[in-house]
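Take a look at the structure below.
Residue numbers (my numbering), protein chains in the order written: chain V, 1 to 362; chain U, 1 to 286.
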């Protein structure tokens, strides 16, 4: 009960955490008038002043646009609303951000599948980027209904599920038990006693085990579609480790640790591999190799500290601990937090791609 | 370099290393043990070294009482600031922390450690008391519970050069998301000098209970939030009433686990002390 309570009680923490760190994107909202049309033009052309004007639009309380007629107009409104929602999250106006994305979804569903898919994915990234894996999961699932074998959507949905079984330490909002049940058992409603079963560690464990195995299969499916997906390989390695399949986990993690394609994934893989080392000295070396890539990786400083302590180097251990403690003062969003935001880090790029394809709504 | 209980850190500084001497060099390294003696639930005072019998891995040791009341304490107060600590609970926790700080003597020092989704230092030792109180007022609940990571940090932030090391951990929940493994932190505790006391609200804090056991510490169950201040002060007062015994280990190999047994020579009373200490293997001889 305490564990479940801890998860529930810590909901929305990541919203604050990410907000404090400057967020993942910027911009505004709109009204169906000339100012809106001018704004869209400037916005899609990437004009610097447009972003700050959009921010002002959000702050001044303009109502977002939920009605549209022509395709171009609808797409522009949908993209601007998404951008505006991100701005609201950064301002910690979470409910309004949620409402804005929710109000835009019906509008998007009436557009062409290609646009709708990209928008749903971007919206999922946005929610995950602020720690809401539950809403992210919902949007990815809607995207997968349009493109069932899309590797990006499969990866994103698996990351959302991952945090329902692997504790993130930040209190992100996990996928609801009802949705997890549906994925696990192919639909239907969970039994009424599910909440009681999940409140009991003895009955919860097998359920979580099933879920972990499901997530493993999903990452494997992503790799079949896209063998070069470093992130899927990293996350597969972590899930295998959680399943107790250390040998297989090590193979996957070592492959990622040696790659240079995605520095965040490489750093996290090295961090995880440090735990496999049998001696404190080897673990310290592994932690240092992770920190070489990303010195904001707080668990690596902590692990390095503990390894040094186990080796008898207390002053070194204290110095590494102080490094970790100093990270809290930088205000930067650490690699460890970004990892636990699932595919949230993909939001800025996805938004840029949506913006680039907008046509003038006249 | 702080003692781990006394001997490890000093031994680590020793160079060059040699594998031959199987026992400690007398006069080089000390082991410190904080001992609580009670009878009928009350602290027994006025004991001297002759009243204690201490064995290290079964070998009788010559001890001295180096301190009891009046010796400076180096305290780390580690507070769980997870999301569940809000409103009245937060106010009660702040009151408890204020009481704890007010109960310290001028020679004592305190480190304020807060943990939720991160582990942070709110106030360092030697910080002026008004600033420590101000740091307590700035405490805000929000986040997960990196209890195990915080316990490790608290252990390392103690420094016997400042006083007898004490860690007091408050938590109202279970760990959620720590990187460090509880077993490794327990091993750290066995190699450190600090006594860990804990104060909890809603029971079954297995890790904290084991941590306290490993260091000779105890737990207080406040049951209600408004009782927190009393529990915090009791934890501090109990520690201050302990005897600090010291001995230079003889007749035992330096490395590995040292089982300590402390009992009273002739008097009646209940003795609480750490069950032993760990000197990591592979560190060479003195």
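For every residue, glycine included, the Cβ atom is placed at its ideal position computed from N, Cα and C. All of these numbers come straight from a predicted model, not from anything done at the bench.
Around the beta-carbon of residue 225(U), 16 or more other beta-carbon atoms lie within 10 Å, marking it buried.
In this model, residue 172(V) and residue 129(V) are separated by some 10 angstroms (Cα to Cα). Each of 75(V), 339(V) and 165(V) was checked against the Cα of residue 201(V), and the nearest Cα belongs to 165(V). Taken in chain order, the unbroken stretches of beta strand (DSSP E) that lie wholly in the segment 167-239 of chain U and span 3 residues or more are 195-200 and 219-221. Listed in chain order, the non-local C-beta contacts of residue 246(V) below 8 angstroms within the same chain comprise 240 and 276, local neighbours out to five positions each way being set aside. Distance from the Cα of residue 43(U) is smallest, within the candidate group 276(U), 238(U), 274(U) and 262(U), for 238(U).
Residue 69(V) and residue 358(V) have their C-alpha atoms spaced approximately 15 angstroms apart.
Contact note: residue 156(U) reaches chain V through 305, 309, 314, 317, 318 and 321, using a C-beta cutoff of 8 angstroms and chain order. Inter-residue distance for residue 257(V) and residue 307(V) is about 20 angstroms (C-alpha atoms, whole angstroms). Taking all protein chains shown into account, residue 240(U) has 16 or more neighbouring C-beta atoms within 10 Å of its C-beta and is therefore buried.
CA-CA distance, residue 270(V) to residue 322(V), rounds to 21 angstroms.
Below the 9 angstroms Cβ cutoff, chain V contributes no neighbours of residue 215(U), its closest Cβ being approximately 15 angstroms away. Of the candidates 298(V), 215(V) and 311(V), the residue whose Cα lies closest to the Cα of residue 255(U) is 311(V).
From the listed residues 110(V), 252(V), 114(V) and 181(V), the smallest Cα separation to residue 229(V) is found for 252(V).
At least one beta carbon of chain U lies nearer than 7 angstroms to the beta carbon of residue 325(V). Shortest Cα-Cα distance from residue 246(U) to any of 76(U), 274(U) and 136(U) involves 274(U). The continuous stretches of beta strand (DSSP E) do not include residue 149(V), and DSSP gives it neither H nor E.
For residue 237(V), the closest C-alpha among the options 225(V), 266(V), 73(V) and 72(V) is that of 266(V). Residues 144 and 146 of the same chain have their beta carbon placed closer than 7 angstroms to that of residue 177(U), with the five preceding and five following residues left out of the count.
A Cβ-Cβ separation of about 11 angstroms leaves residue 154(V) out of contact with residue 215(V) under the 8 angstroms criterion.
A contact is defined here as three or more CB-CB pairs under 8 angstroms, and the segment 251-267 of chain U meets this definition with respect to the segment 39-58 of chain U. Proximity to residue 208(U) across 154(U), 164(U), 161(U) and 248(U) peaks at 154(U), based on C-alpha coordinates.
From the listed residues 78(V), 344(V), 146(V) and 176(V), the smallest Cα separation to residue 102(V) is found for 78(V). Residue environment for residue 276(U): buried (at least 16 other C-beta atoms within 10 angstroms of its C-beta). With a threshold of 7 angstroms between beta carbons, residue 180(U) makes contact with chain V. Residue 105(U) and residue 233(U) have their C-alpha atoms some 12 angstroms from each other. Under the DSSP definition of a beta bridge, residue 53(V) lacks any partner. A straight line joining the alpha-carbon of residue 325(V) with that of residue 152(U) spans about 12 angstroms. At a cut-off of 7 angstroms between beta-carbon atoms, residue 295(V) makes no contact with chain U. The DSSP assignment places complete alpha helix (DSSP H) segments of no fewer than 4 residues inside the segment 242-317 of chain V at 246-258, 263-274, 280-293 and 298-310, in order along the chain.
Across the structure, residue 161(V) and residue 224(V) are spaced so that their CA atoms are roughly 19 angstroms apart. Spanning the alpha carbons of residue 38(U) and residue 267(U) requires a straight line of approximately 11 angstroms. For residue 348(V), no Cβ of chain U is located within less than 7 angstroms of the residue's own Cβ. Within the segment 150-166 of chain V, no residue has its Cβ closer than 9 angstroms to any Cβ of chain U.
Chain V has no Cβ within less than 7 angstroms of the Cβ of residue 85(U).
Residues of chain V with a Cβ closer than 7 angstroms to the Cβ of residue 253(U) do not exist; the shortest Cβ-Cβ separation is about 16 angstroms.
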